[in-house]
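Following the UniProt record's numbering, the numbering of the sequence shown begins with 1 at its first residue and continues without gaps.
Beneath this line is the structure, given in structure tokens, with notes to follow.
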Amino acid sequence: MEETPRETADKDEMEIHIPSYPLPLEIQQMDHSEKACRYCGVSYLILHEFQRLQEHLREVEKELEQERGSGERERTLREELQEVYTHLEELKASVLQQEETTRALDLQLCVVTREMESVKAEKKTAITELENERTCRLHLRSRFVQQQWLLREALALLHSSQAEMTTVKNQFTHFLETWENSKALIQQSCISAGAECARLKQQVVSLQVELKRLQVEVPNMKSCLDAAEEQILQLENQVQTQKLLQNQNQEAQILIQDLREEVRTLKIDLQNSMHEQEHVKKLLEIKSVEKEDLQMLWSEQTATTERLSRDLREKEENWLSCQQRCKSMQEQLSAWQQKEEEVTRRLEWAEGEIKDLRVTRSTLLQEREELKRTHVGELEKLEESFRTRLKAAEEQSSKMEAFLQQKQAEQDKQLKQQEMELRREADIELDIQRQKNQELFNKYQSEKQQLQNKIPALIHSAVQELHEELAVLQERIKEQEEEMKQFGESASQRQHQLLEERRTGEAQLQSALQELQQKTQELNQAQSNIQQLKEERATLQEEKSFLEETVRRECEEREELIAALTLTKDQLLELKHSKTKPNDTQTHTQLSRVRPTVKNPDLPFPRLNPSPPSHPQTRNHSSLSTQGTRQRLSEWNSCSMSRSSTSWHGSSLPTPTLPKISKERVTSVNDLCKSITMVRGYHIVEMIATPRERWKCEDFIETMRVLYNSTLCVSSDKSATAGQIIPILDKLKKKVEEEDSAFKRAIKEKIWTDLSPRNTDERNYDIQQVLEEATALDIRFKIKVQDEAVWARVEKKTVKTLFMVCSCVPLA
Numbered sequence: 001m002e003e004t005p006r007e008t009a010d011k012d013e014m015e016i017h018i019p020s021y022p023l024p025l026e027i028q029q030m031d032h033s034e035k036a037c038r039y040c041g042v043s044y045l046i047l048h049e050f051q052r053l054q055e056h057l058r059e060v061e062k063e064l065e066q067e068r069g070s071g072e073r074e075r076t077l078r079e080e081l082q083e084v085y086t087h088l089e090e091l092k093a094s095v096l097q098q099e100e101t102t103r104a105l106d107l108q109l110c111v112v113t114r115e116m117e118s119v120k121a122e123k124k125t126a127i128t129e130l131e132n133e134r135t136c137r138l139h140l141r142s143r144f145v146q147q148q149w150l151l152r153e154a155l156a157l158l159h160s161s162q163a164e165m166t167t168v169k170n171q172f173t174h175f176l177e178t179w180e181n182s183k184a185l186i187q188q189s190c191i192s193a194g195a196e197c198a199r200l201k202q203q204v205v206s207l208q209v210e211l212k213r214l215q216v217e218v219p220n221m222k223s224c225l226d227a228a229e230e231q232i233l234q235l236e237n238q239v240q241t242q243k244l245l246q247n248q249n250q251e252a253q254i255l256i257q258d259l260r261e262e263v264r265t266l267k268i269d270l271q272n273s274m275h276e277q278e279h280v281k282k283l284l285e286i287k288s289v290e291k292e293d294l295q296m297l298w299s300e301q302t303a304t305t306e307r308l309s310r311d312l313r314e315k316e317e318n319w320l321s322c323q324q325r326c327k328s329m330q331e332q333l334s335a336w337q338q339k340e341e342e343v344t345r346r347l348e349w350a351e352g353e354i355k356d357l358r359v360t361r362s363t364l365l366q367e368r369e370e371l372k373r374t375h376v377g378e379l380e381k382l383e384e385s386f387r388t389r390l391k392a393a394e395e396q397s398s399k400m401e402a403f404l405q406q407k408q409a410e411q412d413k414q415l416k417q418q419e420m421e422l423r424r425e426a427d428i429e430l431d432i433q434r435q436k437n438q439e440l441f442n443k444y445q446s447e448k449q450q451l452q453n454k455i456p457a458l459i460h461s462a463v464q465e466l467h468e469e470l471a472v473l474q475e476r477i478k479e480q481e482e483e484m485k486q487f488g489e490s491a492s493q494r495q496h497q498l499l500e501e502r503r504t505g506e507a508q509l510q511s512a513l514q515e516l517q518q519k520t521q522e523l524n525q526a527q528s529n530i531q532q533l534k535e536e537r538a539t540l541q542e543e544k545s546f547l548e549e550t551v552r553r554e555c556e557e558r559e560e561l562i563a564a565l566t567l568t569k570d571q572l573l574e575l576k577h578s579k580t581k582p583n584d585t586q587t588h589t590q591l592s593r594v595r596p597t598v599k600n601p602d603l604p605f606p607r608l609n610p611s612p613p614s615h616p617q618t619r620n621h622s623s624l625s626t627q628g629t630r631q632r633l634s635e636w637n638s639c640s641m642s643r644s645s646t647s648w649h650g651s652s653l654p655t656p657t658l659p660k661i662s663k664e665r666v667t668s669v670n671d672l673c674k675s676i677t678m679v680r681g682y683h684i685v686e687m688i689a690t691p692r693e694r695w696k697c698e699d700f701i702e703t704m705r706v707l708y709n710s711t712l713c714v715s716s717d718k719s720a721t722a723g724q725i726i727p728i729l730d731k732l733k734k735k736v737e738e739e740d741s742a743f744k745r746a747i748k749e750k751i752w753t754d755l756s757p758r759n760t761d762e763r764n765y766d767i768q769q770v771l772e773e774a775t776a777l778d779i780r781f782k783i784k785v786q787d788e789a790v791w792a793r794v795e796k797k798t799v800k801t802l803f804m805v806c807s808c809v810p811l812a
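Set out below in structure tokens:
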């Protein structure tokens, strides 16, 4: 009945009272060393530290609540990231398709440009060939005109020669008639000429000389005829060259037709290129629409805009290259216009040359007339000389009749033969020459008429075609210039729009990237926090399990120690009451019979068990001997306390007393448990059993006090681990002094040798449990242990220890 109000009072006292007023600033600014006790390390402001730790607990609980949904957030974010990656892959595929289409279009444009360049080169070559043919044609025309004039002159010469031959024939017939009329006269005069033969012979010699001279002049005439024949052959060769030139003219006309066809094909190609340009414009419009769609998608998924911006830059470069190509086309068109102007200039120059040729023709005609006049004068002179000679011959005919009669037959025959041969040859040659000349004349006239008919028509048609082509090209050039202006304006507008869109897109990209970076940083921080929490949770669970086992073993050991202490106190009281020595020997035998009973076989702990009550005589004897021993122990206590205190703390310090378990120190029960657990596994009862060593009991109590104070050093550290038992062992080693008794040294060495292997053994979790509970109870650990199992274990063990301590209070 008396224990229940005590328990309720103890429970009321164990409740933490939070201070209602804050600490002053001077105390808050003090160091921790100034607030804590230098002996035990416990802070004087425990309640305020409890309040701070509770606030920290609340903040940590809030953080835990916030981080509880981090797994689901991670899943959702991962799903969103997977969707974004899939969308990115789709966009990559679409961008690759667009790049392939643009590459195909670029290849087509390159092919078209190459074809245009080849056509332009062919056109240039054709124009050069046409110009060469025109020049050749003009040169041939000039030569043809010259040859025509020469042929006309030759015809005039032939006509004049024919007239001269007719005159010679008439004179020869007249001479024959006169010869026949004068034949009789010659016969008559031959008789009279006999006398004059000698004189005639002399004249014949002179005539032979003249004949020789005439024979010398005959080859000269033949050479002149040969030169005329050579001129005729040259004229024939020129006629053949004219035929070749006509063939070349026909081939040139064919080439002109081919070039016209090529021009038509070029026009068709230009139309196709215009259609392709329109198609490209449509494609550009489609691409602009697709770009707007992509921008809408890009606003949803901002990560893909960088690649799209790169594509836009490439397209802009392509567009600039297209502009450059268009400019080059315009330059080529201007070059074509310049070439056409040069052609017109050349035509004008050719017309000027024709005029010059006409002037030269007039000069040549004048020269020809002058040559005719000179030739006529020379022929008249020859006729006059021939007439004079004929007159001289007629005068001398009378003289030569005699000589001629003798040689008349021979001369007649020879002359007839020569005349016949000459007539035949002359007739044949004249017929051949007439036929040839007539044929050539007819041909030249027909060709001249044809050429004269064809040349103005060809020139007119060519000029008309060129004018038409020039007009069409000028119209096309104007249209293309207008289209290029419109295209340039639209392109400039498009550039401005693209620049604005790019700027907005870059700004959105930067903002989106910043948001993504922030989100990724938050995710990384959350993941790192989660990992840290997991690690801390694992470590806390390990410490929890370790401390649970240590606390469980503490309770067992504490119960056994309390039982052993009660037994030792009873025995000491009996020894004090015993007065005689034989009674001391009997108590020694009784204490020596005490053996430790092990509750846990793996972890032995000493338990004082009295000797079994088999003989009543020994029991009575022991009760008598206790009265004497108690009186001796009281004296021994005073001496031993003074001696042990001087040996342990020095001569000046007062003797420390064991802490009494009272209602005010109920919170330090766990510390007592920790101090008692350090002596677990010792066979101390066997060492204390001898009554002759009266200092052993006090030494035992004093070493226990040292262990208790050393375990408080564990709670002064920031974190509690199993490795913190080693500093306690070092402190125990340092406390061994020369003045210590052999019993005290043995106890200290026994504790040290027993704790060191237990500390290194990882499978032994009793120390971890003790440390977990110590950190949970101590304020200065700043809530390193947050496991509810530790607090439940502490509560259970405090309830158990309260019952046991309350039973032990009167004995203390």
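C-beta atoms are modelled at their ideal positions from N, C-alpha and C, and glycine is treated no differently.
Cβ pair residue i, residue j closer than 9 Å
i	j	result
L109	C322	yes
I232	Q433	yes
E340	L470	yes
V280	L105	yes
A252	R137	yes
K315	T102	yes
Q330	M484	yes
R75	A526	no
residue 817	E164	Because the chain spans 1 through 812 in this model, residue 817 falls outside it and cannot be assessed.
Q238	R143	yes
L473	W336	yes
K399	R199	yes
Classification of residue i by the beta-carbon crowding that lies within 10 angstroms, buried from 16 upward
i	result
K796	exposed
A426	exposed
A402	buried
G488	exposed
S578	buried
L547	buried
V551	buried
R553	buried
E557	buried
Q242	buried
Q571	buried
V594	Legend: pLDDT at V594 = 37, less than 50; position of this residue unreliable, value from coordinates given subsequently. Its Cβ being crowded by 16 or more others within 10 Å, V594 is buried.
L575	buried
Cutoff 7 Å; reference residue i; Cβ partners in own chain excluding five residues on either side
i	result
S385	none
Q366	none
K212	none
E762	Low confidence applies to E762: its pLDDT is 49, below 50, so where it sits in the model is not reliable, and the reading given next is rough at best. Excluding residues within five positions, none has a Cβ falling inside 7 Å.
Rounded distance between the beta-carbons of residue j and residue i, thought under 8 Å
i	j	result
Q147	L244	So it is not a contact: roughly 14 Å between Cβ atoms.
residue 831	H48	Past the edges of the chain, shown from 1 to 812, lies residue 831, and the structure says nothing about it.
R361	V209	At roughly 49 Å, the Cβ-Cβ gap does not stay under 8 Å, so R361 and V209 are not in contact.
I477	L333	6 Å
E278	V112	Rounded, the Cβ-Cβ distance is 14 Å, inconsistent with contact.
L513	L77	Contact doesn't hold; Cβ gap of about 16 Å is too wide.
Residues of its chain near residue i, where Cβ-Cβ distance is below 8 Å and the 5 sequence neighbours each way are ignored
i	result
E99	D311
E447	Q242, Q246
Q202	none
Neighbourhood of residue i by C-beta distance below 6 Å, restricted to the same chain and skipping five residues each side
i	result
L45	K35
Would you say the region 224–242 touches the region 145–156, given that touching needs at least three Cβ pairs under 8 Å? yes
If we count Cβ pairs, one from each stretch, closer than 8 Å, do we get three or more for the region 524–544 versus the region 342–361? no
Is it true that the region 259–269 meets the region 120–136, where meeting means three or more beta-carbon pairs spaced less than 8 Å apart? yes
May I ask you to verify whether the region 131–151 touches the region 244–258, counting CB pairs closer than 8 Å and requiring at least 3? yes
Determine, using beta-carbon pairs with one atom in the region 492–512 and one in the region 309–319, whether at least three such pairs fall under 8 Å. yes
I'd like to know if the region 64–75 and the region 524–533 are in contact, where contact means that at least 3 CB-CB pairs between them fall below 8 Å. Taking a cut-off of 8 Å on C-beta distances, the region 64–75 touches the region 524–533, as three or more cross pairs fall below it.
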